[in-house]
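Here the structure is laid out as structure tokens; the discussion comes afterwards.
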Amino acid sequence: MIPLISIIIPTYNRAHMLGETLDSIKSQTFTDWECLVVDDGSSDDTATVVGKYVLEDARFSYLKRPEDLPKGANSCRNFGLDQSRGQYIQWFDSDDLMVKTKLHKQLSLLDNSNYDYCVAQTTFIDTNSGEDLGVRNERMQSENPLPDFIQFKIFWLTGAVLWKKDFLMTSGLRFDPDLQQAQDYDFHIRALGLSTNYIAEDSILMRYKCHGDNMSVSFTNNPQKIWSNARVKEKILNNYTHILPDSFIQKKYEELLAQYKLCLRKNYLKEAKRIARILDKSLDKLNFTPSKKRGIRWRIGLVYISLGWLKRGDNLLKNRHVFG
1 MIPLISIIIP TYNRAHMLGE TLDSIKSQTF TDWECLVVDD GSSDDTATVV GKYVLEDARF
61 SYLKRPEDLP KGANSCRNFG LDQSRGQYIQ WFDSDDLMVK TKLHKQLSLL DNSNYDYCVA
121 QTTFIDTNSG EDLGVRNERM QSENPLPDFI QFKIFWLTGA VLWKKDFLMT SGLRFDPDLQ
181 QAQDYDFHIR ALGLSTNYIA EDSILMRYKC HGDNMSVSFT NNPQKIWSNA RVKEKILNNY
241 THILPDSFIQ KKYEELLAQY KLCLRKNYLK EAKRIARILD KSLDKLNFTP SKKRGIRWRI
301 GLVYISLGWL KRGDNLLKNR HVFG
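Under the UniProt record's numbering, residues 1 to 324 are what the sequence shown spells out, in order.
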């Protein structure tokens, strides 16, 4: 029998968390689903943990990312989509929890409708204290969803969305396998660029766990994540400045400058060079005079020498000097 919903979970060394996530799926009031756990090459007991669920419940499957695909959660998500059988797709992370009515409530809004996907509200949980930190954004709908999502005026996470598979397959929408940070932000921006025909379920249907692996400390100590974050900003500056206010465009540029300095301080010179190229190309998106743009380019180059090699010169890229 073909399931109605395919749940796709990428995982890597999360054996200590995965069981609670799978229990929340097993407890769903809607039961016509399959759950594909796609292992990204774990070295812990992930296979054993998932294996118990597979033996007890035929709706669970354990898959491994093929070696010819790039490593990362995004490749696992795309591979899971290719292996899925359901009419609806639910991507979910291996450390988060579903409220037991999640699938039922979202499916009831999507089924027999012309909507392409359904978003739901998420609450954040501190794993150390167990404290409910509340929702990130109260709003999930607006009259201008694409620019508002880019500016975080509305927002949702990967696990908060139930998709019609037909929409995903027809549009060719996939996760970017080259990204290791901000991939959900990038994915949903591109989804909204293809279709704003969605419906929102305002009740909390997902619980997002805040812990060390998904907090900012893991971002600043990982050059590939810094680069991925910068790459998403580059996509925004390349493709969406015509629908964004100048103040937001400048803010994104300032964030790129901060990431450039961070890479130089930490001696991530390869990533610093790549971000410097983005900074140079993106300058044309800013509403500045030619002379001011030349001055910014000069400072970016000088800071590479002074901070990258001499470990001095932070002041050269302070906002008051660059944008003043």
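No residue lacks a Cβ here, since even glycine has one placed at the ideal position from N, Cα and C. A quick note: this is a predicted structure, and the numbers were derived from the prediction, not measured.
| query | result |
| --- | --- |
| Rounded Cβ spacing between Ile189 and Phe152 (contact assumed at less than 8 Å) | At roughly 11 Å, the Cβ-Cβ gap does not stay under 8 Å, so Ile189 and Phe152 are not in contact. |
| Cβ distance (whole Å) where Ile8 is taken to contact Ser84 below 8 Å | 6 Å |
| Pro145, buried or exposed, once every other Cβ within 10 Å from all chains shown has been counted against 16 | buried |
| Those residues which DSSP pairs with Tyr117 across a bridge | Trp163, Tyr198 |
| Unbroken stretches of the alpha helix (DSSP H), 4 residues or longer, contained in the segment 264-305 | 269-282 |
| Cβ pair Ser6, Leu63 closer than 9 Å | no |
| Host beta strand (DSSP E) of Ser6 (start-end) | 5-11 |
| With 16 other Cβ atoms within 10 Å as the buried cut-off, status of Pro10 | buried |
| Integer-rounded CB distance, given that Gly159 should sit under 8 Å from Asp93 | 6 Å |
| Pair within 9 Å by beta-carbon distance, Leu279 and Leu257 | yes |
| Collapsed DSSP secondary structure at Gln90 in the structure displayed | strand |
| Cα-Cα separation, Ser282 to Glu143 | 28 Å |
| Length of the line joining the Cα atoms of Thr123 and Arg174 | 25 Å |
| Collapsed DSSP secondary structure at Val50 in the structure displayed | helix |
| C-alpha distance - Ala272 paired with Gly193, whole-angstrom precision | 29 Å |
| Of the residues Glu20, Asp95, Thr31, Tyr253, the one placed nearest Asn287, counting alpha carbons only | Tyr253 |
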